[in-house]
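Asker: Pasting a structure below so you can have a look.
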Amino acid sequence: GQSLEQPSEVTAVEGAIVQINCTYQTSGFYGLSWYQQHDGGAPTFLSYNGLDGLEETGRFSSFLSRSDSYGYLLLQELQMKDSASYFCAAIRDDKIIFGKGTRLHILP
Amino acid sequence: DAMVIQNPRYQVTQFGKPVTLSCSQTLNHNVMYWYQQKSSQAPKLLFHYYDKDFNNEADTPDNFQSRRPNTSFCFLDIRSPGLGDAAMYLCATSRDGTVDEQFFGPGTRLTVL
Chain S
121 GQSLEQPSEV TAVEGAIVQI NCTYQTSGFY GLSWYQQHDG GAPTFLSYNG LDGLEETGRF
181 SSFLSRSDSY GYLLLQELQM KDSASYFCAA IRDDKIIFGK GTRLHILP
Chain U
-12 DAMVIQNPRY QVTQFGKPVT LSCSQTLNHN VMYWYQQKSS QAPKLLFHYY DKDFNNEADT
48 PDNFQSRRPN TSFCFLDIRS PGLGDAAMYL CATSRDGTVD EQFFGPGTRL TVL
């Protein structure tokens, strides 16, 4: 089967760092993407890891370990506007399989 | 700005009354996707087009159909909506060979009465 596991909710404080983990089990795996979705909005692309290691884009970083079937999204210097749901998504063949999403709550 | 546009943003229909949702894109991407997303759940892929080639997901109900008359437009037809079809419907596009990065429209929220 194919599945992605990520925590349903995470809470962090403004200005802090938070890590959202994702483990996956899928055939034909090419890489892992991360998407952000605010309430009532569309998912927006954040990052993609096709190779093992860390990818950095501003305050956001994403990591992939194929041997562990594991990845994470790291958000630094959290801002209130980062309150959203974050989806990891496994890339296989010609489509994406989304995880169930992690709701990030940020406290002032 | 290049973008993915969905109309309408909110659609109300009656149980069993056919409804069509539309999506257009100015990105000139050759791949277009339709997803269904229910509250607090992951987007679920219904089908996608690679150019004019239609790819249906195995678990997509027959009640859902799609048309892509040209590169820019794609339609989702729900032939007989049930209460369980109430959801957000998201259209997305990607460039050939870059399925990892998809560009989503704002979605159409469907209510079934």
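Taken in sequence, the protein lines are chains S and U. My numbering puts the first sequence at residues 121 to 228. My numbering puts the second sequence at residues -12 to 100. Don't be surprised by glycine CBs; every beta carbon is placed ideally from N, CA and C.
Nearest chain S C-beta to A29/U closer than 8 Å, yes or no?
Answerer: What you label residue 29/U is simply residue 42 of the second sequence in a count that begins at 1. Closer than 8 Å to some Cβ of chain S, the Cβ of A29/U qualifies, so yes.
Asker: On the criterion of 16 or more Cβ atoms from any shown chain inside 10 Å, does N57/U qualify as buried, or is it exposed?
Answerer: By 1-based counting over the second sequence, the position of residue 57/U is 70. Classification for N57/U: exposed.
Asker: Evaluate contact between the segment 194 to 211 of chain S and the segment 70 to 83 of chain U, counting only Cβ atoms and requiring at least three cross-stretch pairs below 8 Å.
Answerer: Contact between the segment 194 to 211 of chain S and the segment 70 to 83 of chain U is absent, because fewer than three Cβ pairs lie under 8 Å.
Asker: Look at the alpha carbon of F51/U and the alpha carbon of T177/S, and state the distance between them as a whole number of angstroms.
Answerer: Taking the first residue of the second sequence as 1, we reach residue 51/U at position 64. Taking the first residue of the first sequence as 1, we reach residue 177/S at position 57. When rounded, the distance between both Cα atoms is 38 Å.
Asker: Taking Cβ positions, are G170/S and G151/S nearer each other than 8 Å?
Answerer: Taking the first sequence and counting its residues from 1, the one referred to as residue 170/S is at position 50. Taking the first sequence and counting its residues from 1, the one referred to as residue 151/S is at position 31. Yes, the pair counts as a contact, with Cβ atoms nearer than the cut-off.
Asker: To the nearest angstrom, how far is it from the Cα of K31/U to the Cα of I65/U?
Answerer: If you number the second sequence from 1, residue 31/U lands on position 44. If you number the second sequence from 1, residue 65/U lands on position 78. If I take the Cα positions, the gap works out to 16 Å.
Asker: Just grab the DSSP bridge partners of T80/U for me.
Answerer: Working through the second sequence from its first residue, we reach residue 80/U at position 93. Answer by DSSP bridge pairing, in chain order: M19/U, F90/U.
Asker: Classify D40/U as helix, strand or coil using the three-state DSSP reduction.
Answerer: Residue 40/U sits at position 53 when you count from the first residue of the second sequence. D40/U falls in the strand class under three-state DSSP.
Asker: With three or more C-beta pairs closer than 8 Å as the rule, is the segment 5 to 22 of chain U touching the segment 81 to 92 of chain U?
Answerer: In short, these stretches touch, since the Cβ pair count reaches three.
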